[in-house]
Amino acid sequence: MASPAICDRNNRNDGENGSWSMGLCGKVMNKVVEFPIKLKKLGQDDPRRVVHSLKVGLAVLLVSLLYYVQPVYNGLGDTTMWAVITVVVVFEFSVGATLGRGLNRILATFLAGALGFGVHHLASISGEIGHPILIGIFVFLLAASVTFIRFFPRMKARFDYGLLIFILTFCLISVSGYREEEILEMAHKRVSTILIGAFTAVFVCIFICPVWAGDDLHNLVANNIEKLGSFLEGFGDEYFKVAGNGESNRAHLQGYTSVLNSKQSEETQANFARWEPRHGKFRYRHPWRHYLKIGNLNQQCAYRIETLNGYLNSEIQTPLNIQSNKVQELCMKMSSESGKALKELAWALKTMTEPCAAASSHITKSRAAANNLTSMFRTSAAAAAGEGGYQVRLQDMVPAVTVASLLSDVVAYAEQIEKSIQELASFPHVQFKSAEPKTLQSCNTSSSNVGPHHVITMDRLASLQVQEPHKEIGTKLQRVSSAI
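Just so you know, we're using our numbering here: the sequence shown kicks off at 4 and counts up by one.
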């Protein structure tokens with residue numbers, strides 16, 4: 004008879020095993036229930052994913068039917084399955100990606116097949132002993148040289164898949180030709196089936212709900228500019244409200260973070276877009292590479308905005324005695340006017356409309372505010388130096404000067420983005436429509452209210468040049484600037 008202690012231990016172990024089993028079953032059930040919810044959300048985020056999946060299924064179905072058509076099977080045999088394989092590896096989400104992989108596969112297969120047949124013919128002339136030696140030499144040289152070519156950035160960006168298929172096809176045809184007598188027929192069947200599969204994938208991708216990489220790149224760059232503008236429009240109010248111990252609501256300002264990591268996506272879409280034919284508002288030879296220039300400016304501006312956002316989250320804020328009404332007004336004006344300018348430029352790029360004068364007007368106003376703020380800092384520092392002391396502590400001036408400097412950099416990038424969009428509109432293969440007369444009239448009216456300004460950029464306070472009568476003051480000011 005078992006002792007009570009052993010019985011209690013057994014009961015406890017059974018209870019632990021039972022609870023562990025129930026916990027495992029609960030986790031499995033939760034995963035099963037969550038999986039359809041995740042699938043639904045994935046399709047709702049971008050309905051084109053559902054359409055793409057159906058298109059791939061249709062293309063695979065079409066080429067699979069060839070395997071069951073007796074005349075086709077009699078002509079191609081088991082190599083018909085290469086058509087199915089080609090569709091699976093070629094069909095991509097966008098038209099540009101599908102065209103790029105399809106053309107790469109077709110050209111690489113054709114060239115490698117022809118070269119493989121030529122090497123086989125040359126090796127067969129050398130006799131039984133020289134045949135495998137020559138084939139081995141050619142396989143080594145071509146595989147090594149083509150692999151090295153894949154390291155070139157441009158070749159890797161556009162033809163990496165084709166070079167890989169070139170090596171594979173050449174080796175299959177040249178090496179298998181040593182044991183296969185009908186080498187020409189084998190190469191012909193392989194090329195034919197790959198052509199069938201590639202053309203089927205391209206046809207379905209283009210003519211059934213096409214997804215253009217050029218459209219995605221165009222919208223991505225425009226949306227990134229708009230996100231930067233949205234942050235800048237709300238930064239001034241949010242920063243000074245936080246500094247004044249007001250309530251903080253900055254969740255809506257975080258859209259800019261996606262701009263920081265968009266470089267790789269932009270480069271990939273630009274490479275795909277170069278394969279695409281004329282579509283919609285984009286003509287042949289559209290300058291897709293220029294979008295990368297605009298995207299790079301967006302990212303550089305986003306880095307400055309990331310630093311500005313750090314001041315929103317920082318516990319150390321500018322003291323209220325530094326945040327005079329004039330400084331606050333000028334900083335808020337620089338931020339808001341730059342944001343409005345970027346939003347105008349985003350709208351112009353998205354609609355492919357020539358940038359309105361309103362964007363230039365907003366940039367001019369923000370430049371004028373930067374100029375006035377620079378003069379204010381210079382005058383204040385010069386006056387304090389002339390009195391032989393400083394009105395405020397150095398550490399109290401750093402946040403105000405840094406924020407003003409960052410906002411001045413943002414204004415400079417907004418101006419460069421405007422010039423880049425105007426340059427894009429001036430390309431001969433780009434059609435930017437003119438702004439409507441009402442829009443132009445309103446823009447001219449708003450810009451006429453802005454007087455002439457002598458623009459002074461403020462990258463650093465130390466870059467201020469003090470004129471001749473204030474050399475001693477300038478020396479003290481440079482010391483303060485270098486310390487900052």
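Built from N, CA and C at the ideal position, the CB exists for glycine as well.
Fully contained in the region 147-218 are the following alpha helix (DSSP H) runs of length 4 or more, in chain order: 156-179 and 186-210. Per DSSP, reduced to three states, the secondary structure at His289 is coil, with no helix or strand assignment. The beta carbon of Val262 sits closer than 7 Å to the beta carbons of Asn227, Lys230, Leu231, Asn301, Gln302 and Ala305 from its chain, once the five residues preceding and following it are set aside; these are given in chain order.
Between the beta-carbon of Leu235 and that of Val406 there is about 12 Å, and that puts the pair past the 8 Å contact cut. In this structure, Ile88 is the residue among Ala276, His432 and Ile88 with its C-alpha nearest to the C-alpha of Gly200.
Restricting attention to Ile140, Tyr76 and Ala160, the CA atom closest to the CA of Gly119 is found in Ile140. Bounds of the alpha helix (DSSP H) holding Phe113 are Val98 to Ile128.
By the Cβ test, the region 58-66 is not in contact with the region 163-172, since fewer than three Cβ pairs between them sit closer than 8 Å.
Between Thr172 and the set Arg157, Arg161, Lys159 and Lys192, the nearest pair of CA atoms involves Lys192. Going by C-alpha positions, Cys174 is about 13 Å away from Phe113. Annotation: Leu69 to Ala86 spans about 9 Å, alpha carbon to alpha carbon. In the structure shown, His365 falls within a helical segment according to DSSP collapsed to helix, strand and coil.
Check the Cα spacing between Ala204 and each of Ala428, Lys368 and Leu64: the tightest is with Leu64.
The alpha carbon of Ala100 has as its nearest neighbour, out of Lys436, Lys329 and Glu279, the alpha carbon of Glu279. Counting only runs of 4 or more residues that sit fully inside the region 56-104, the alpha helix (DSSP H) segments are 73-79 and 84-93, in chain order.
In terms of Cα proximity to Gly298, the closest of Ser265, Leu315 and Ile308 is Ser265. Between Trp350 and the set Leu110, Pro156 and Ile420, the nearest pair of CA atoms involves Ile420.
Put simply, the backbone Cα of Ile209 is about 16 Å away from that of Val53. For Thr377, the three-state secondary structure derived from DSSP is helix. Closest by C-alpha distance to Phe275, out of Asp219, Leu311, Gly313 and Asp240, is Asp219. Nearest C-alpha to Leu333 among Ile109, Tyr314 and Val404: Val404.
For Lys284, there is no enclosing alpha helix (DSSP H), as DSSP marks it with neither H nor E. If you draw a straight line from the Cα of Tyr76 to the Cα of Val98, it is about 30 Å long. In this structure, the CA atom of Leu311 is about 20 Å from the CA atom of Asn375.
Per DSSP, the unbroken alpha helix (DSSP H) holding Leu263 starts and ends at Thr260 to Leu263. Secondary structure note for Thr271: its alpha helix (DSSP H) is the uninterrupted segment Lys266 to Ala276. Taking all protein chains shown into account, Ala344 has 16 or more neighbouring C-beta atoms within 10 Å of its C-beta and is therefore buried. Taking all protein chains in view, the Cβ of Ser148 is surrounded by fewer than 16 other Cβ atoms within 10 Å, so the residue is classified as exposed. Between Val66 and Val90, the C-beta gap is smaller than 8 Å, which places the two residues in contact.
Spatial neighbours of Val142 in its own chain (CB-CB distance under 8 Å, excluding positions within 5 residues in sequence) are listed in chain order as Phe173, Cys174, Ser177 and Val178. Look at Thr356 here: in three-state DSSP terms it is strand. Taking a cut-off of 8 Å on C-beta distances, the region 424-433 touches the region 284-291, as three or more cross pairs fall below it. With fewer than 16 neighbouring CB atoms inside 10 Å of its own CB, His124 falls in the exposed class. By the neighbour-count criterion, in which 16 or more other beta carbons inside 10 Å mark a residue as buried, Lys336 falls on the buried side. For Leu198, the CB contacts under 7 Å within the same chain, skipping 5 residues up- and downstream, are Ile109 in chain order.
When C-alpha distances from Val330 are compared across Ile40, Glu269, Tyr294 and Phe243, the shortest belongs to Phe243.
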